[in-house]
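Numbering (our numbering), first residue to last: 125 to 218. Think of the CB as a built atom: it goes at the ideal place given N, C-alpha and C, for glycine as much as any other residue. Here is the structure we will look at.
Structure representation (structure tokens):
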């Protein structure tokens, strides 16, 4: 159904939004709260014994890998937006 009306899958739209936000976080000044929370968040205390929860930064790194991008590209805004909009779903996994 999604191919008939020319809409992209929800996962692809979410990936694009996450990559755009990650680009904003990377380009922010070093002393901003956005960058400190986005990149350096350490939660105090012990982790539970079961499987750890997926963190935002882990998801962002996976999105970068799927899109074939590198965090250093975020400083070229035009290039970053171009690649973030073309982020396609993964066809194979490692």
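To which residues of the same chain is residue i closer than 7 Å at the C-beta, ignoring the five residues directly before and after it?
{"i": "residue 150", "result": "195, 198"}
First and last residue of the alpha helix (DSSP H) that includes residue i?
{"i": "residue 202", "result": "201 to 209"}
Compute the Euclidean distance between the alpha carbons of residue i and residue j, then round it to the nearest angstrom.
{"i": "residue 160", "j": "residue 208", "result": "23 Å"}
{"i": "residue 179", "j": "residue 210", "result": "23 Å"}
{"i": "residue 204", "j": "residue 169", "result": "36 Å"}
{"i": "residue 200", "j": "residue 190", "result": "19 Å"}
{"i": "residue 165", "j": "residue 154", "result": "14 Å"}
{"i": "residue 181", "j": "residue 193", "result": "15 Å"}
Residues in the same chain with beta-carbon distance under 6 Å from residue i, minus the five sequence neighbours each way, listed in chain order, please.
{"i": "residue 188", "result": "none"}
{"i": "residue 134", "result": "none"}
{"i": "residue 146", "result": "184"}
Checking 7 Å against the spacing of the C-beta atoms, do residue i and residue j come in under that value?
{"i": "residue 250", "j": "residue 152", "result": "Limits of the chain in this structure are 125 at one end and 218 at the other, which puts residue 250 out of reach."}
For residue i, which residues in the same chain have their Cβ closer than 8 Å to its Cβ, ignoring the five residues on either side in sequence?
{"i": "residue 183", "result": "142"}
{"i": "residue 177", "result": "none"}
{"i": "residue 202", "result": "none"}
Can you list the alpha helix (DSSP H) stretches of 4 or more residues lying completely in the segment 146 to 208, in chain order?
157 to 164, 180 to 191
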